[in-house]
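Novice: Take the sequence shown: its letters are residues 0 to 352, numbered as in numbering that gives the first Met the number 0.
Glycine included, every Cβ here is placed at the ideal spot set by N, Cα and C.
Have a look at this one before I ask anything.
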Amino acid sequence: MPAIPPARLAAHACIRSIEAGLPSTGAASHSPLLQILQTVHRIEHDPAVAGNLWVINDRADSASEVVSPWGIWFRQQAPSRERPLIYLTQSPSSARVSMLAEQIGHRGIVFNDLESAASRWPKGAHPWLPLWLSANAQCRPYDPASAAEAQAILLAALDELYVQGRHGFYYMTLHDQPPAADEPAHDDCSDAFLGMYPLQPTSAARPQVRLLGAGAMLREVRAAAMLLDTHWGIASQLWSCPSYTRLARDSDDAARWNRLHPEAAPRKSYLQYCLMSASTPVIAVTGYAQHIADQLAPHVTAPFTALGADSLAPGNCLDRRWIAFSALQALAGQGLFDTQALPAAQARLGLGE
0 MPAIPPARLA AHACIRSIEA GLPSTGAASH SPLLQILQTV HRIEHDPAVA GNLWVINDRA
60 DSASEVVSPW GIWFRQQAPS RERPLIYLTQ SPSSARVSML AEQIGHRGIV FNDLESAASR
120 WPKGAHPWLP LWLSANAQCR PYDPASAAEA QAILLAALDE LYVQGRHGFY YMTLHDQPPA
180 ADEPAHDDCS DAFLGMYPLQ PTSAARPQVR LLGAGAMLRE VRAAAMLLDT HWGIASQLWS
240 CPSYTRLARD SDDAARWNRL HPEAAPRKSY LQYCLMSAST PVIAVTGYAQ HIADQLAPHV
300 TAPFTALGAD SLAPGNCLDR RWIAFSALQA LAGQGLFDTQ ALPAAQARLG LGE
């Protein structure tokens with residue numbers, strides 16, 4: 000019987016350590032950043048892991064002794080020496096993230112808490128960073144909304160990289176906003192790793208819209224759904240979408256396979272499985288520039304609107320009011336909301352021209 004690779008054994012030890020520290024019920028009350036920092040600290044000092052995990056922390060407030068991956072890079076050139084690698088950083092530019100990805104050999108799990116730093120850019124990222132992340136085939140980027148999502152993605156990434164042996168590296172941007180007191184908890188975030196999962200069902204008896212949100216913007220999406228229900232009696236179906244990029248790539252793969260195998264039964268992407276072929280309008284929201292959410296547009300058959308930090312005129316901030324108004328516009332386009340009532344709705348939401 001062949002020996003089990005040390006990296007796989009180490010990954011199993013890390014996964015067991017994380018699962019042992021999971022809360023028994025309900026989502027963690029921490030922000031994604033705090034949850035990941037606490038989780039990494041726990042498994043790094045767990046005797047069961049016993050040094051079989053590389054942790055690099057180059058953040059400004061870090062007291063870590065390992066702030067550069069170069070020593071690890073030289074030791075990991077032999078596959079037998081590989082261990083799970085976690086990189087904690089605060090890097091706003093694509094040049095910086097590209098450099099650290101090169102240093103770790105494009106293999107590992109990178110956590111970037113750039114949203115906690117003051118910046119003129121949306122989400123603290125230079126505009127070309129999300130472009131680089133979505134265009135780099137070796138990178139699988141995520142924008143978790145909650146601590147539970149971040150931890151679920153970490154568990155799945157450890158399994159895919161070091162147990163299943165998949166190539167590439169995983170990237171998560173982490174915000175530091177704890178959940179609101181009235182924010183409902185979701186115990187099962189396991190499908191977050193696939194790119195999206197539903198937060199709540201909706202009734203089909205009323206005009207409805209599907210609202211998709213990623214990262215910290217999911218809070219505004221939730222609030223927009225409440226505005227729609229309170230003022231216009233419109234039910235919304237809510238989805239958390241930690242990775243628009245993963246959804247788009249999976250859809251591209253399914254479309255490519257179907258083109259190459261016209262005689263076979265067509266494959267469905269995970270996005271198609273979630274949204275089906277319903278004509279219910281879809282509003283996809285991201286804290287990055289609009290093009291990140293717009294990656295889904297070619298793969299959605301329903302009326303589709305992508306909203307991002309650059310979707311509005313200068314001086315306007317994308318928030319729950321604009322999300323709700325965009326939903327009303329989409330419904331009006333289908334004849335499910337009176338077009339002549341849009342100006343009144345705009346005024347009610349306190350939006351300018």
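What's the C-alpha gap between L341 and P143?
Specialist: To locate residue 341, count along the sequence shown from 1; it is residue 342. To locate residue 143, count along the sequence shown from 1; it is residue 144. In this structure, the alpha-carbon of L341 lies about 33 Å from that of P143.
Novice: Please classify D337: is it buried, with 16 or more other beta-carbons within 10 angstroms of its beta-carbon, or exposed?
Specialist: Here residue 337 corresponds to residue number 338 of the sequence shown, with the count starting at 1. Flag for D337 reads exposed.
Novice: Check whether the Cβ atoms of P91 and A124 lie closer than 7 Å to each other.
Specialist: One-based indexing of the sequence shown puts residue 91 at position 92. One-based indexing of the sequence shown puts residue 124 at position 125. Going by C-beta atoms, P91 is nearer than 7 Å to A124.
Novice: Taking its Cβ as the centre, do 16 or more other Cβ atoms sit within 10 Å of A12, making it buried, or is it exposed?
Specialist: The residue you call residue 12 lines up with position 13 of the sequence shown. The residue in question, A12, is buried, as its Cβ has 16 or more Cβ neighbours within 10 Å.
Novice: Enumerate in chain order the residues of its own chain whose CB-to-CB distance from R16 is below 8 Å, with the five nearest sequence positions on each side excluded.
Specialist: As a first step, residue 16 must be located in the sequence shown, where it is residue number 17. For the record, residue 16 in the displayed sequence is Ser; it is not Arg. Result list for S16: R41, I42, D45, A47, V48, in chain order.
Novice: At which residues does the alpha helix (DSSP H) containing Y269 begin and terminate?
Specialist: In the sequence shown, residue 269 corresponds to position 270, counting from 1. Taken as a continuous stretch (DSSP letters only), the alpha helix (DSSP H) holding Y269 covers 269-274.
Novice: How is W383 classed by DSSP in three states: helix, strand or coil?
Specialist: The structure shown has nothing for residue 383, since the chain only spans 0 to 352.
Novice: Would you mind listing the alpha helix (DSSP H) stretches within the stretch 123-187 that are 4+ residues and don't spill past its ends, in chain order?
Specialist: 127-134, 146-157
Novice: Do you know offhand how far F110's Cα is from A134's?
Specialist: Within the sequence shown, residue 110 is the residue found at index 111, counting from 1. Within the sequence shown, residue 134 is the residue found at index 135, counting from 1. Those two C-alpha atoms are separated by around 18 Å.
Novice: Quick one: using the 10 Å Cβ neighbour count with 16 as the cut-off for buried, is E18 buried or exposed?
Specialist: Position 19 of the sequence shown, counting from 1, holds the residue named residue 18. E18 should be labelled exposed.
Novice: On the DSSP bridge assignment, give the partners of Q199 in chain order.
Specialist: As a position in the sequence shown, residue 199 is number 200, starting the count at 1. Looking at the DSSP assignment, Q199 forms a beta bridge with L237.
Novice: By the DSSP assignment, the beta strand (DSSP E) with R209 in it spans what residues?
Specialist: Numbered from its first residue, the sequence shown carries residue 209 at position 210. Per DSSP, R209 belongs to the beta strand (DSSP E) from 207-212.
Novice: Under 7 Å Cβ to Cβ from P328, same chain only, skipping five residues before and after it: list those, please.
Specialist: Position 329 of the sequence shown holds residue 328. First, the amino acid is wrong: residue 328 is Gln here, not Pro. Cβ within range, chain order: L341.
Novice: How is the alpha helix (DSSP H) around Y243 delimited, first residue to last?
Specialist: Counting from 1 along the sequence shown, the entry for residue 243 is found at position 244. Residues 243-259.
Novice: When you compare only the Cα positions, how much space is there between L246 and Y272?
Specialist: The residue given as residue 246 occupies position 247 in the sequence shown. The residue given as residue 272 occupies position 273 in the sequence shown. Roughly 11 Å separates the two Cα atoms.
Novice: At the level of alpha carbons, what is the spacing between A323 and A312?
Specialist: Start at 1 with the first residue of the sequence shown, and residue 323 comes out as number 324. Start at 1 with the first residue of the sequence shown, and residue 312 comes out as number 313. If you take the alpha carbons of A323 and A312, they lie about 17 Å apart.
Novice: Which word fits C316, buried or exposed, when buried means at least 16 other C-beta atoms lie within 10 angstroms of its C-beta?
Specialist: Within the sequence shown, residue 316 is the residue found at index 317, counting from 1. Burial call: exposed.
Novice: Would you list the one or two residues that DSSP bridges to N56?
Specialist: For the purposes of this step, residue 56 is taken as the residue at position 57 of the sequence shown. The partner list for N56 (beta bridge, DSSP) reads L87.
Novice: Along the alpha helix (DSSP H) that carries T338, what are the first and last residues, could you check?
Specialist: Here residue 338 corresponds to residue number 339 of the sequence shown, with the count starting at 1. Neither: T338 is in no alpha helix (DSSP H) and is coded neither H nor E.
Novice: So is S278 buried or exposed if we call it buried at 16+ other beta carbons inside 10 Å?
Specialist: Taking the sequence shown and counting its residues from 1, one reaches residue 278 at position 279. When all chains shown are included, S278 counts as exposed.
Novice: Helix, strand or coil for I35? Go by DSSP, reduced to three states.
Specialist: Mapped onto the sequence shown, residue 35 falls at position 36. Helix.
Novice: Beta-carbon within less than 7 Å of Q289's beta-carbon, same chain only, minus the 5 sequence neighbours each way: which residues are those?
Specialist: In the sequence shown, counting from the first residue as 1, residue 289 sits at position 290. Close CB contacts of Q289 within its chain, under the 7 Å cut and outside five residues either way in sequence, are with A305, L306, G307, D309, S310 (chain order).
Novice: Less than 7 Å between the C-beta atoms of C240 and A215, yes or no?
Specialist: Working through the sequence shown from its first residue, we reach residue 240 at position 241. Working through the sequence shown from its first residue, we reach residue 215 at position 216. Contact flag unset, no.
Novice: So Q236 and P197 are in contact, right, with Cβ under 8 Å, and what is the actual spacing, rounded?
Specialist: Your numbering for residue 236 matches position 237 in the sequence shown. Your numbering for residue 197 matches position 198 in the sequence shown. Cβ atoms of Q236 and P197 come within 8 Å of each other, at about 7 Å.
Novice: Just to confirm, are R319 and E219 a CB contact at a threshold of 7 Å?
Specialist: By 1-based counting over the sequence shown, the position of residue 319 is 320. By 1-based counting over the sequence shown, the position of residue 219 is 220. Closer than 7 Å, so yes.
Novice: By the 10 Å Cβ neighbour count, where 16 or more other Cβ atoms means buried, how is E101 classified, buried or exposed?
Specialist: Taking the sequence shown and counting its residues from 1, one reaches residue 101 at position 102. E101 is exposed by the Cβ-count criterion.
Novice: Check whether the Cβ atoms of P83 and Y161 sit closer than 7 Å, and answer yes or no.
Specialist: Sequence index remark: in the sequence shown, residue 83 carries index 84 (1-based). Sequence index remark: in the sequence shown, residue 161 carries index 162 (1-based). It is a contact, given that the beta carbons lie within the stated cut-off.
Novice: Use the C-beta contact count for D112: other C-beta atoms within 10 angstroms, 16 or more gives buried, fewer gives exposed.
Specialist: The count along the sequence shown starts at 1 and reaches residue 112 at position 113. Burial call: buried.
Novice: Can you look up T279 in the DSSP assignment and give me helix, strand or coil?
Specialist: Within the sequence shown, the letter at position 280 stands for residue 279. Here T279 sits in coil by DSSP.
Novice: From what residue to what residue does the alpha helix (DSSP H) around A263 run?
Specialist: For the purposes of this step, residue 263 is taken as the residue at position 264 of the sequence shown. No alpha helix (DSSP H) contains A263, which DSSP labels as neither H nor E.
Novice: How long is the line joining the alpha carbons of P31 and L130, rounded to whole angstroms?
Specialist: As a first step, residue 31 is located in the sequence shown; it is residue number 32 there, counting from the start. As a first step, residue 130 is located in the sequence shown; it is residue number 131 there, counting from the start. Cα to Cα, P31 sits roughly 23 Å from L130.
Novice: Using 7 Å as the threshold, is the C-beta distance between A292 and T300 below it?
Specialist: Your numbering for residue 292 matches position 293 in the sequence shown. Your numbering for residue 300 matches position 301 in the sequence shown. Result no, Cβ atoms of A292 and T300 do not sit closer than 7 Å.
Novice: Pull up the distance between the alpha-carbon of F303 and that of L52, whole angstroms please.
Specialist: As a working mapping, residue 303 is identified with position 304 in the sequence shown. As a working mapping, residue 52 is identified with position 53 in the sequence shown. Cα to Cα, F303 sits roughly 43 Å from L52.
Novice: Would you kindly work out how many angstroms separate the C-alpha atoms of V208 and D57, rounded to a whole number?
Specialist: For this step, residue 208 is matched to residue 209 along the sequence shown. For this step, residue 57 is matched to residue 58 along the sequence shown. Going by the C-alpha atoms only, they are around 43 Å apart.
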